[in-house]
Each structure stands twice: as C-alpha cells, then as structure tokens.
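Residue numbers (my numbering): 12 to 102.
Report on the structure given below.
Here it is in structure tokens:
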C-alpha cells in the first residue's frame with residue numbers, strides 16, 4: 012500500500028492513540044526504499060519491556076476499537092510479516 016494513502020491518515024491517528032492506550036511508548040512508520048521489500052510499508056512500535064508488549068497484544072486482541080482500526084488497515088495494507096526485537100542492556 013502507498014504509505015501516503017489519504018485513507019491511512021485517520022486510521023493512523025486513531026491507531027497510534029490505541030497503541031499508547033495499551034502501553035506503547037513509541038511509534039514510527041515509513042517504507043522500504045530498496046531491497047526485497049522495496050515499496051512496502053513498515054511500522055515500528057516500542058514498549059518499555061516485553062511484559063508490557065505481551066499484555067498489550069492480549070488487550071488489543073480484545074479491544075473492539077483496535078479490531079475495527081486494524082481491520083480497516085488490513086484492507087488497505089495487508090500485514091505481510093511481524094517481527095519482535097528484544098533489546099537488552101548489559102553492563
């Protein structure tokens with residue numbers, strides 16, 4: 012999907028608010044300029060820790076507003092891949 016699609020603007024706004032409601036501390040999106048995924052959109056969502064992310068995924072699966080927004084997004088830009096990255100700090 013085109014990351015500049017006007018249909019995404021209200022969905023993005025509402026989706027970001029819902030991500031924050033469920034504990035997200037950061038959100039970013041864009042699209043790949045080159046490589047195997049060139050032209051595809053990506054979204055990065057940050058949580059303070061893995062436990063918060065796990066609670067968020069569970070809660071959002073039950074949130075009717077999130078189900079509606081994610082369903083509309085899926086029609087415009089179907090999910091292709093989901094990755095989880097865990098960053099740890101070691102001294």
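We put the beta carbon where it would ideally sit given N, CA and C, even for glycine.
- 9 Å or more divides the Cβ of residue 79 from the Cβ of residue 34.
- Listed in chain order, the non-local C-beta contacts of residue 18 below 7 Å within the same chain comprise 87, local neighbours out to five positions each way being set aside.
- For residue 72, the secondary structure class from DSSP, reduced to helix, strand or coil, is helix.
- Residue pairing by DSSP places residue 54 opposite 40 in a beta bridge.
- Here residue 25 has 80 as same chain residues with Cβ atoms under 7 Å from its own Cβ, once five neighbours each way along the sequence are excluded.
- Here residue 77 is actually not in contact with residue 68; their C-beta atoms are around 10 Å apart, not less than 8 Å.
- Minimum Cα-Cα distance from residue 20 among the listed residues 84, 63, 94 corresponds to 84.
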